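What follows is a short report on a single structure.
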Amino acid sequence: MSLRTSSSKRTVNVDYLSHIRDALVQPLTSQGVEGVQDVIALMDSYYLMKEDFETTMEISSWGGKPSPFSKLDPKVKAAFTRTYNKEVHLTPYSLQAVKTPRYSTGPLTELNESLSSCETTRPPNQTKFLSFWNNRII
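Listed below in structure tokens is the structure:
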């Protein structure tokens with residue numbers, strides 16, 4: 001699955017959201033509580049979060065008609081919310097800000113050591129050539 005699309009927002013809304021909405025709501029309307037796992041599995045396969053589900057229901061409603069999710073039995077809605085919140089879902093991006101250290105000494109030290117060992121094994125002509133260009137650049 002890809003997080004990118006080459007279509008416009010309007011195209012996604014007109015062509016795709018209604019199908020995604022129906023695929024998300026249909027198991028809940030036809031199977032009730034038993035369809036909850038199918039819906040969550042579909043959401044996980046598309047990396048959709050609960051907020052994405054709610055936004056899809058809101059955006060894909062046309063002409064003031066209520067969303068199909070609002071017509072569901074409250075017990076099915078509650079079971080869906082409980083089951084979704086109980087499980088851990090992967091997201092294609094981090095939900096929290098990740099702080100990375102500014103300076104790292106581990107890998108760079110190893111890299112510098114390996115570079116210094118390579119310089120000692122170079123032929124004399126190549127070492128002379130590299131030192132000539134290093135002095136010219138500086």
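Quick note on numbering: the sequence shown equals residues 1 to 138 in UniProt numbering. Virtual Cβ for every residue (Gly too), placed ideally from N, Cα, C. Note that the coordinates shown come from a computational prediction; the quantities given were computed from them, not determined experimentally.
Ser-8 to Lys-75 span [Cα, whole Å]
If you number the sequence shown from 1, residue 8 lands on position 8. If you number the sequence shown from 1, residue 75 lands on position 75. Taking C-alpha positions only, Ser-8 is separated from Lys-75 by approximately 37 angstroms.
Q: Using three-state DSSP, classify Ser-70 as helix, strand or coil.
A: Locating residue 70 in the sequence shown gives position 70, counting from the first residue. The DSSP-derived three-state label of Ser-70 is helix.
(message) In the DSSP assignment, the alpha helix (DSSP H) including Leu-24 goes from what residue to what residue?
(response) Locating residue 24 in the sequence shown gives position 24, where the first residue counts as 1. 18-31 is the extent of the alpha helix (DSSP H) around Leu-24.
(message) Looking only at its chain, what residues have a beta carbon closer than 6 angstroms to the beta carbon of Met-57, apart from the 5 residues adjacent to it on each side?
(response) Counting from one through the sequence shown, the residue named residue 57 turns up at place 57. So the list reads Ser-67 and Phe-69, once near-sequence residues are dropped.
message: If you measure between the beta carbons of Lys-24 and Val-12, is that distance less than 9 angstroms?
response: As a working mapping, residue 24 is identified with position 24 in the sequence shown. As a working mapping, residue 12 is identified with position 12 in the sequence shown. The sequence as given places Leu at residue 24; Lys does not occur at that position. No; because the gap between Cβ atoms is not below 9 angstroms, this pair is not in contact.
Rounded to whole angstroms, what is the Cα-Cα separation between Leu-17 and Asp-52? Along the sequence shown, read from residue 1 onward, the residue named residue 17 stands at position 17. Along the sequence shown, read from residue 1 onward, the residue named residue 52 stands at position 52. Answer to the nearest angstrom: the Cα atoms are 11 angstroms apart.
(Q) Please classify Val-36 as buried or exposed, where buried requires at least 16 neighbouring CB atoms within 10 angstroms. (A) Your numbering for residue 36 matches position 36 in the sequence shown. Counting the other CB atoms within 10 Å of its CB gives Val-36 a total of 16 or more, which places it among the buried residues.
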